[in-house]
Amino acid sequence: MEDSSTRTVVITGGSRGIGRCIALKFSDEKANIVLVHYDPDESAAQETLDLLDGKGIQAESHKVDVSSFSHVDKLFAQIVDSYGKVDVLVNNAGITRDTLLMRMEEKDWDAVVNVNLKSVFNCTHAVIRPMIKRRSGWIVNISSVVGQIGNIGQANYSASKAGIMGFTKTVAREVASRGIRVNAVAPGFIETDMTASLPEKVREKFLEQIPLGRMGKPEEVAEVVYWLCSEGSSYLTGQVIHVNGGLYM
Ligand SMILES: NC(=O)c1ccc[n+]([C@@H]2O[C@H](COP(=O)([O-])OP(=O)(O)OC[C@H]3O[C@@H](n4cnc5c(N)ncnc54)[C@H](O)[C@@H]3O)[C@@H](O)[C@H]2O)c1
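Okay, so the sequence shown: first residue is 672 according to our numbering, each after it adds one.
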């Protein structure tokens, strides 16, 4: 029989990249893991499920667009029904639609703000009442260094990531007395699909600005996310932890 102390962890954008590494990190504690993704096919999600299976975890994956309030609500009702609770929510799903502001179309703005920021509202809203009732919970929102310092061609993305920082601080204040901690992690330049398509020149320019002289690994972000959901960070809430090799300090 399952121990009631087994945590149920929901990770949006959990099929690949940073989300996959976060899932693998939580597998160390034998958590119940639920991945949410919106990839065109199931191959990356299946690969993550296989990796988790290799670590003895029967995780599940759902293809749901986290920018849809009603779909998210339905999904979380289903998860609470299956597992009885959500202990940890990692709002990690994100996209880019980069272009200079003068060329940016309304659809580029809407897509990025809806997937990156509205989704954080949708998922947090869906878990907060049950977490308040249980007087326990951990929420980690994945922001970006760009939400702090801006970046040419990313007005939509940086606004969405800055929005996450404000959202994190407000919700942290609202639920701190209920035993729920809400923090954000702002990665710098991390090796994933999201950065793989960047032109070599842009990559080199970024690298020049990073004191540690290299891109980050998704595992290095996952470590910090996991720590924020552990006893080791028990006196932290409403914080934005920068994981960026010194790019912003
Ligand atoms: N890679 C970086 O350098 C970097 C830097 C700073 C912040 N981030 C942030 O970290 C997070 C993860 O980035 P990554 O590099 O691993 O990205 P990735 O492109 O490798 O993976 C993105 C994940 O988000 C999911 N997703 C996209 N749209 C979705 C939707 N509408 N509904 C549900 N899921 C959706 C995808 O299915 C996938 O699982 C993102 O929020 C990103 O903005 C990444």
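For every residue, glycine included, the Cβ atom is placed at its ideal position computed from N, Cα and C.
Under the three-state reduction of DSSP, E862 is assigned to coil, being neither helix nor strand. Q825 sits away from T863, with the two beta carbons spaced by 8 Å or more. Under the DSSP definition of a beta bridge, S732 partners with L706. At a cut-off of 7 Å, the beta-carbon of S815 counts as near ligand 1: some heavy atom of the ligand is closer than that. Between I823 and P858, the gap from beta carbon to beta carbon reaches 8 Å or more. Membership of N812 in the beta strand (DSSP E) is indicated by the continuous run G808 to I813. Judged by their CB atoms, I750 and V681 are nearer to each other than the 8 Å cut-off.
Listed as beta-bridge partners of T683 by DSSP are V707. Around the beta carbon of Y897, a 10 Å sphere encloses 16 or more other beta carbons of the protein chains shown; the residue is thus reported as buried. Spanning the alpha carbons of V791 and S698 requires a straight line of approximately 23 Å.
Taking a C-beta distance under 8 Å as the contact criterion, S732 and A716 qualify as a contact pair. Taking the CA atoms as reference points, R885 sits about 44 Å from D752.
When only Cα atoms are considered, R849 and V842 end up about 11 Å apart. Inside the region 717-768, DSSP marks whole alpha helix (DSSP H) runs of 4 or more residues at positions 740-754, from first to last along the chain.
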